[in-house]
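> Could you have a look at this structure, given as C-alpha cells, before my questions?
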Amino acid sequence: MFIDNRGKEWPLEEAKQCVGPGWGSLIERLWEYFKGREVQVNQIKEKFGGLRFYVANATDLDYMEIDQAEKDSFATCEECGEPGKPRINGWIKTLCDRHAREHEERWRAGQNFIS
Ligand SMILES: [Zn+2]
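Numbering-wise (our numbering), the sequence shown opens with residue 6 and increments by one.
Written out as C-alpha cells, the structure is:
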C-alpha cells in the first residue's frame, strides 16, 4: 500500500487523482505491485508529458517497475488511457489524437480570447 510522507495510508482513489484519468491504470498497476507491503510515496504528478512517481524506500526492483510505468505514460493518453504520444504546443502533454485536437482547439480559443 501507499503511505504518505506523514506515515498515513494514501488510498488508491486519492493517489489516482494526482494525474489525469487516463493514467489511473498505471497508478493501479503500481498499487497492485506494492500490495502487501508499504511504500512511502512522496509525490505523484505529471511533468513534461510523463508520469512522475516519487518514492522514498524502494528497492532497485521497485524502481524498475516505477520506471516502466513512467515510460508507459509517454504512450498513454492522460485523458482517456488510449494509445497516445507527447504533444508539444506551448505545453507538453501525452494525448491520443482526439484529445490532442480538443486541447489544441481549446488552446487556440484561449489565445484568441486573450488577443
Ligand atoms: Zn485521449
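Cβ coordinates follow ideal geometry from the N, Cα and C atoms, glycine included.
So which of 60, 109, 113 and 56 has the shortest CA-CA distance to residue 39?
On the sequence shown, residue 39 is found 34 positions in, with the first residue counted as 1. When each option's Cα is compared against that of residue 39, the closest is 60.
> Only counting the same chain, and skipping five residues up and downstream in sequence, which positions put a Cβ closer than 7 Å to that of residue 21?
Here residue 21 refers to the residue found at position 16 when the sequence shown is read from its first residue. If we look at residue 21 and ignore the five residues flanking it on each side, its Cβ neighbours are 29 and 32.
> Identify which residue in 99, 58 and 43 has its Cα closest to the Cα of residue 84.
The sequence position of residue 84 within the sequence shown is 79, counting from 1. Taking only the C-alpha atoms, the option nearest residue 84 is 99.
> Does ligand 1 have even one heavy atom less than 7 Å from the beta-carbon of residue 85?
Counted from its first residue, the sequence shown places residue 85 at position 80. At least one heavy atom of ligand 1 is nearer than 7 Å to the Cβ of residue 85, so yes.
> Grouping DSSP H, G and I as helix and E and B as strand, with all else coil, what is residue 55?
Counting from 1 along the sequence shown, the entry for residue 55 is found at position 50. Three-state DSSP puts residue 55 in a strand.
> Hey, quick one: how far does the alpha helix (DSSP H) through residue 34 stretch, first residue to last?
The count along the sequence shown starts at 1 and reaches residue 34 at position 29. Start and end: 29-38.
> Please name the residue, chosen from 43, 92 and 79, that lies closest to residue 57 on a Cα-to-Cα basis.
Residue 57 sits at position 52 when you count from the first residue of the sequence shown. Looking at the Cα atoms, 79 is the closest of the given residues.
> Alpha carbon to alpha carbon, how far is residue 26 from residue 62? Give it in angstroms, no decimals.
Walking along the sequence shown from the start, residue 62 turns up at place 57. Walking along the sequence shown from the start, residue 26 turns up at place 21. Rounded to whole angstroms, residue 62 to residue 26 spans 26 Å at the Cα level.
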